[in-house]
Structures are given as C-alpha cells and as structure tokens.
Amino acid sequence: MKVLVTGGSGLVGQAVRRTCPQGTEAIYISSKDGDLTNYNTCNTIFEKCMPTHVIHLAAKVGGVLENSKFVGDFFYKNMQINLNVLECCKIHSVKNVISLLSTCIYPDSGNVLHPKDLHAGEPHSTSFGYAYAKRMLEVQSRAYNQQYGTKFSCLISNSIYGPNDNFHLESSHVVPAIIRKVYEAKLSNSKLTLWGSGTAMREFTYVDDIGCAIWWSLLSREDSCTINVGTDKDVSIQFLASEICKILDYDYSNIVWDDSKKSGQKERRSDTSRFHQESGIRCVSLNNGLKLTIDWFNRNYPNIRGISL
Ligand code: NDP
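For what it's worth, the working numbering labels the leading residue of the sequence shown as 1, then goes sequentially.
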C-alpha cells in the first residue's frame with residue numbers, strides 16, 4: 001500500500017501526516033511538486049509515485065471574502081485540479097480515493113445537511129464557484145465508480161481549524177481570522193471590529209479529528225457512499241469569539257460587530273450521526289481544540305502562514 005496525499009502541505013494535509021497510522025507508506029505533495037491544474041504535470045506525478053491509494057486534498061481554498069471576489073477562479077482551478085486528479089487515479093488503477101468536500105457546498109436551504117440533498121438546490125451565493133466545482137468532484141467520483149468499478153469516495157466536513165491554518169486577514173476562515181485579530185488587538189491594547197453580526201451558527205472541527213476520519217475512511221470503510229464527518233455541535237460566531245477571548249485573556253466587551261459585512265449562510269448544521277456511529281471517533285471539544293490551536297499560534301507568532309510566511 002502506497003498512499004499519495006495531494007495538498008499535503010496544507011491545514012488538513014499536515015494533520016493527515018500527524019495522524020497517519022504507523023507503518024503506512026505515504027507521500028505528501030504540494031503545489032511545489034507540481035501544479036495539478038495541468039494534466040501532464042499531474043500524470044507525471046502519478047507515474048513517478050505509482051500510488052495504490054490517494055487522499056485528495058489539494059484545492060484552492062479561501063474565506064467568504066476571497067470566495068466571493070474570485071468566484072470564477074475558485075470554480076476553474078478547482079474543476080481543473082479535481083478532473084485531473086481523479087482521471088489520473090482511474091488511469092493508474094488507484095484502488096481507493098478519499099476526497100474532502102465542505103458543508104459550505106450544500107444547498108442554502110436551512111435544513112439539516114445530509115449527503116442525499118447535496119445537489120438539491122443552489123449553494124449560497126457567496127461561494128457558488130467553489131461549491132459547484134466541489135460538487136462536481138462528488139459527481140465525478142460516483143460516475144467513475146458506476147462506469148469503471150472504482151472505489152472513489154467523498155467525505156464532507158464542516159469548518160476545520162487548527163495548527164498550520166492560513167491566518168491572512170483577507171483569505172482566512174473565521175477561526176484563524178478571529179484568533180489573529182484578538183491576539184493583535186490585545187498586543188496593541190485596542191478595541192476590535194469583527195465582520196458580520198456574529199449570529200450565524202457554525203460547526204467547527206479540530207483538524208486532527210478530520211485526519212483520523214480520513215484514515216478511518218481509507219482503511220476501514222467498505223462502501224464508497226458520501227458521508228458527513230466532523231463534530232455534531234454548532235455554535236454562534238459570537239460564542240466562538242467569546243471562547244477565543246477567554247483563552248487569550250482579552251475583554252470580549254471590546255468587540256464591535258460590523259453587520260454591513262457579509263456573514264455567509266445563517267445556519268449550517270450537518271448530520272454526522274453515521275460517521276460517529278460507524279467510526280467511533282469522538283471529536284475534541286471546541287474549547288480544547290481552540291486551546292491547542294492558540295497554544296501553537298502563541299509559540300509560532302509571527303512566523304505563521306498569512307502573517308509573515
Ligand atoms: P489549504 O489551503 O491549507 O491547503 C491546500 C493545499 O492544496 C496545499 O497543500 C496547496 O499547496 C495545495 N494546492 C493548491 N493549489 C494547488 C495546485 N494547483 N496544484 C497542486 N497543489 C495545490 O487547504 P485545507 O488544508 O484547508 O483544505 C484541504 C481540503 O479540505 C480542500 O479540498 C478543502 O476543500 C477541504 N475542506 C477544507 C475545510 C476547511 O475549513 N479548511 C472544510 C472542509 C473541506 P501549497 O501549500 O504549495 O500552496
């Protein structure tokens with residue numbers, strides 16, 4: 001067994017490395033090893049690595065702001081990467097592929113999110129380019145399974161956070177953005193403005209739990225149907241900010257919420273019951289996950305992706 005991990009340098013890729021079962025041979029690649037939007041480059045990587053299994057994480061990823069500003073780029077690049085990677089997996093007879101999708105690609109319905117409803121409506125307008133490209137990854141996996149008898153499966157995760165995240169002020173997700181802003185407001189002893197009303201509800205999963213979910217799915221699951229993975233607890237962005245303030249010892253009453261800025265979907269609750277029942281994986285609490293992340297942030301600031309790197 002030889003596992004190729006695309007996107008191996010990213011937030012999730014590094015957690016997949018930390019949680020890799022002992023004795024498993026895995027190769028981690030990033031854009032430095034080749035641009036997967038280019039079919040020939042992608043094929044050369046597969047010829048060189050000859051993987052039997054693939055964990056496909058490489059993607060153009062960003063927060064609400066970037067996703068809505070560069071909606072066409074998010075669509076085109078993610079379509080290219082996914083088309084090339086799965087096609088190469090098929091050509092090179094890869095036995096098993098796990099691709100990671102995000103709950104932000106679900107229809108903007110307000111219902112509890114379940115994989116059977118993935119294509120049952122428009123995604124939220126803020127990230128529809130990214131969302132449709134990721135939905136097509138699920139379509140391509142299913143189509144290849146049906147026609148070629150492959151075992152390509154998709155996991156859908158809610159928001160992921162942890163060490164090695166992107167902390168850039170324009171392109172980061174909500175957890176790293178708030179950690180950085182609170183940390184820097186405390187350093188400069190100033191008040192802090194956060195985007196949106198803070199009332200949107202979200203689920204946040206610590207990244208190593210996603211690493212474990214991916215390995216469980218690759219090594220132990222029999223079927224290839226799409227399932228949700230991650231925590232089953234949702235919290236408001238205001239609650240998230242208050243937890244971060246407590247850990248960083250910053251006065252929460254100094255925060256002003258700017259609701260002229262986009263907040264994205266109001267609510268996004270996913271049904272992760274099947275994942276919890278079948279895998280037995282118990283996700284760490286938000287408080288413990290935030291402590292681990294902030295501890296890493298404190299030790300590495302400012303030599304962090306999106307700050308000085
Ligand atoms: P990151 O942005 O941290 O990492 C992206 C990875 O993809 C990096 O290794 C990057 O390489 C690589 N990459 C990007 N473009 C290319 C390219 N053109 N060719 C080759 N490699 C490329 O993302 P995450 O770790 O957060 O996300 C991983 C996966 O998880 C994605 O598929 C994402 O959609 C999914 N996901 C993420 C969630 C989240 O909250 N972060 C939630 C749910 C799903 P390099 O470092 O060299 O740029």
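Just so you know, even glycine gets a beta-carbon here, dropped at the ideal spot from N, CA and C.
- Cα atoms of R18 and G110: separation of roughly 35 Å, rounded to the nearest angstrom.
- In the displayed model, K186 falls within a helix according to three-state DSSP.
- With respect to the C-alpha of K69, the residue from C283, E170, A120 having the closest C-alpha is E170.
- Annotation for Y250: V182, A185, K186 place their beta carbon closer than 7 Å to its own, counting only its chain and skipping 5 residues before and after.
- The beta carbon of K77 sits closer than 6 Å to those of T37, K60, all from its chain and outside the five residues before and after it, given in chain order.
- Of the candidates F239, H53, F275, F275 places its Cα closest to the Cα of L155.
- A distance below 8 Å between beta-carbons, with the five flanking residues on each side excluded, links N228 to the following residues of its chain, in chain order: T103, L113, H114, P115, L155, I156, S157, N158, S270, D271, T272, R274, F275.
- Among the bridge pairs identified by DSSP, S125 is matched with none.
- Put simply, the backbone Cα of A177 is about 11 Å away from that of I244.
- The Cβ atoms of G230 and I179 lie no closer than 9 Å to each other.
- DSSP lists no beta-bridge partner residue for E243.
- Closest by C-alpha distance to N166, out of L4, G13, T6, M1, is G13.
- Between the ligand NDP and A200, a heavy atom-to-CB distance of less than 8 Å is absent.
- T199 sits in coil when the DSSP states are folded into three classes, being neither helix nor strand.
- Shown here for E138: same chain residues with a beta carbon closer than 7 Å to its own, the five before and five after excluded, namely L101, L118, C154, T226 in chain order.
- The residues T19, I281, in chain order, have a CB closer than 6 Å to that of C212 in the same chain once the five nearest residues on each side in sequence are set aside.
- For G8, the CB falls within less than 8 Å of some heavy atom of the ligand NDP.
- Counting the other CB atoms within 10 Å of its CB gives A15 a total of 16 or more, which places it among the buried residues.
- Beta-bridge partners of C154 (DSSP): S99.
- DSSP places I307 in the coil class of the three-state scheme, outside both helix and strand.
- DSSP places Y76 inside the alpha helix (DSSP H), whose first and last residues are 71-91.
- Restricting attention to alpha helix (DSSP H) runs no shorter than 4 residues, the stretch 199-236 encloses them at 207-220, ordered along the chain.
- The beta carbon of E122 is closer than 8 Å to those of P107, D108, F128 in its chain, skipping five residues each way along the sequence.
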